[in-house]
Amino acid sequence: MLAWLGQPKSMIPDAPKAVQHGVDQLGDWLNQKHEIAGIHFTAGKLLIALLLLLLFIVGSWVIRFVLRRYGSRHQNVNQSSIYTIERVVHYLLMVIGILVALTAAGVPMAKMTVFAGALGVGLGFGLQAIFNNFVSGLILLFERTLKVGDFVELASGVHGHVRDIHIRATRITTNDDIDILVPNSEFVNGRVVNWTLREVSRRIKVGFGVAYGTDKELVKKAALEAAADVPFTLTNEGPRAPQVWLTGFGDSSLDFKLVVWLNAEATRRPGAVTAAYYWALHTALEKYEIEIPFPQRDLHVRTWRRPPEDEDAERAREDRDANEPGHRHGNDAVRDVERDIAEASPAPSSADDPHAARGGNAKK
Numbered sequence: 186m187l188a189w190l191g192q193p194k195s196m197i198p199d200a201p202k203a204v205q206h207g208v209d210q211l212g213d214w215l216n217q218k219h220e221i222a223g224i225h226f227t228a229g230k231l232l233i234a235l236l237l238l239l240l241f242i243v244g245s246w247v248i249r250f251v252l253r254r255y256g257s258r259h260q261n262v263n264q265s266s267i268y269t270i271e272r273v274v275h276y277l278l279m280v281i282g283i284l285v286a287l288t289a290a291g292v293p294m295a296k297m298t299v300f301a302g303a304l305g306v307g308l309g310f311g312l313q314a315i316f317n318n319f320v321s322g323l324i325l326l327f328e329r330t331l332k333v334g335d336f337v338e339l340a341s342g343v344h345g346h347v348r349d350i351h352i353r354a355t356r357i358t359t360n361d362d363i364d365i366l367v368p369n370s371e372f373v374n375g376r377v378v379n380w381t382l383r384e385v386s387r388r389i390k391v392g393f394g395v396a397y398g399t400d401k402e403l404v405k406k407a408a409l410e411a412a413a414d415v416p417f418t419l420t421n422e423g424p425r426a427p428q429v430w431l432t433g434f435g436d437s438s439l440d441f442k443l444v445v446w447l448n449a450e451a452t453r454r455p456g457a458v459t460a461a462y463y464w465a466l467h468t469a470l471e472k473y474e475i476e477i478p479f480p481q482r483d484l485h486v487r488t489w490r491r492p493p494e495d496e497d498a499e500r501a502r503e504d505r506d507a508n509e510p511g512h513r514h515g516n517d518a519v520r521d522v523e524r525d526i527a528e529a530s531p532a533p534s535s536a537d538d539p540h541a542a543r544g545g546n547a548k549k
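If you use the numbering used here, the sequence shown corresponds to residues 186 to 549, in order.
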């Protein structure tokens, strides 16, 4: 076989020695000590630490895969509980794996304590928001007021289906198929409307108006027919049957509300469902020729003229004011300025006035 491979026979005895030499060199490199920030480690310990961390990551993935398969095969199992167990197991295995890897790498416990203190300082400053979101995520998982699949509406206006609850944020998919990442702290500290927390059916009120003078019973008949034409309406008898309420007297219309309970499919799409009811209402009102009013106002125009005796009295008052002594017309501000200038100017002396001098001599 060696001759067929073309290897000289003189190299056969030296082959085991070369392999042994390579193994020895590799062992020396793996056992060579290094130091960083007072921590002694070797390449071999680092390799073992990485392998252990990889083992924990793979173990976490396997456990989560088994839990998902179990949840998909047993539909009677609460899927939110399965998801909560998945996340908790993943977090625990990651924390344990990191600690085991650091220990295997040769990091002493005293150094870990210092690292934990530095991490605490970081959480108090720059990492505070991240830590807050992480704790909020754990609260959401264990409190179970929010679970995957719920349809929620936030105070910020975001609404959609909960897809994932991660360490930092929760992914929400809107009805327009847009994914939005919302920080977990917003669910804990803010106002959240969970449309599917307790049960899937919900009641909505669709408002509309008709002209004054319209028969109320005819309006009710048309609105109930519109509700029956929409496939999302629960047609149960009793308290959840569709209803028509007269809610007020507007400026131009009688205000009604169509009150209906929705089935499970419609609860998660409130915008499209409301539009469907408006469409059906408009069709039903047109069918029964019920007028839909628009804002209108009545304008009354009146002409008015002052009595002749009032006009004569006004003219007499104006004449009296014009002839009154001391009454001035025109721009008073200009006259005040001119008077101030005249008073500030010095009067001419007799020496400068030749007419005044001659007059004086003539008198003498």
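Each residue gets a CB set at the ideal place from its N, CA and C atoms; glycine is no exception.
It is roughly 8 Å from the alpha-carbon of residue 409 to the alpha-carbon of residue 443. By the Cβ test, the segment 316 to 327 is in contact with the segment 365 to 385, since at least three Cβ pairs between them sit closer than 8 Å. By the Cβ neighbour-count rule, residue 441 is buried, with 16 or more other Cβ atoms within 10 Å of its own. Close CB contacts of residue 392 within its chain, under the 6 Å cut and outside five residues either way in sequence, are with 442 (chain order). Residue 432 is positioned such that its CB atom lies no closer than 9 Å to that of residue 387. Taken atom to atom, the span from the alpha-carbon of residue 457 to that of residue 242 is near 43 Å. Only exposed fits residue 420, as fewer than 16 other CB atoms lie within 10 angstroms of its CB. For the set 422, 474, 497 and 418, the Cα lying nearest the Cα of residue 455 is the one of 418. Comparing C-alpha distances from residue 483 to each of 437, 389, 281 and 361 shows the shortest one belongs to 437. Residue 396 and residue 337 have their C-alpha atoms roughly 37 Å apart.
Between residue 415 and residue 462, the gap from beta carbon to beta carbon is short of 9 Å. Excluding five sequence positions before and after residue 403, the CB atoms of its chain that fall closer than 7 Å to its own CB belong to 473 and 475, given in chain order.
Take the alpha-carbon of residue 383 and the one of residue 331: they are about 11 Å apart. The residue from 500, 368, 351 and 343 with its alpha-carbon nearest to that of residue 358 is 343. For residue 467 and residue 276, the gap between their C-alpha atoms comes out near 54 Å. Annotation: residue 323 is outside any beta strand (DSSP E); the continuous alpha helix (DSSP H) that includes it extends over 313 to 328. Taking C-beta atoms as the reference points, residue 349 and residue 381 fail to come closer than 9 Å.
Within a 10 Å sphere around the beta-carbon of residue 298 sit fewer than 16 other beta-carbons, which makes this residue exposed. Beta-bridge pairing by DSSP links residue 446 to 388. Exclusion of the five residues before and after residue 469 leaves 407, 410 and 411 as the residues of its chain whose Cβ lies within less than 6 Å of its Cβ. The residues 336 and 358, in chain order, have a CB closer than 6 Å to that of residue 346 in the same chain once the five nearest residues on each side in sequence are set aside. One Cα belongs to residue 355, the other to residue 266, and the distance between them is close to 17 Å. Contact between residue 315 and residue 353 holds, with the beta-carbon distance rounding to 6 Å and staying under 8 Å.
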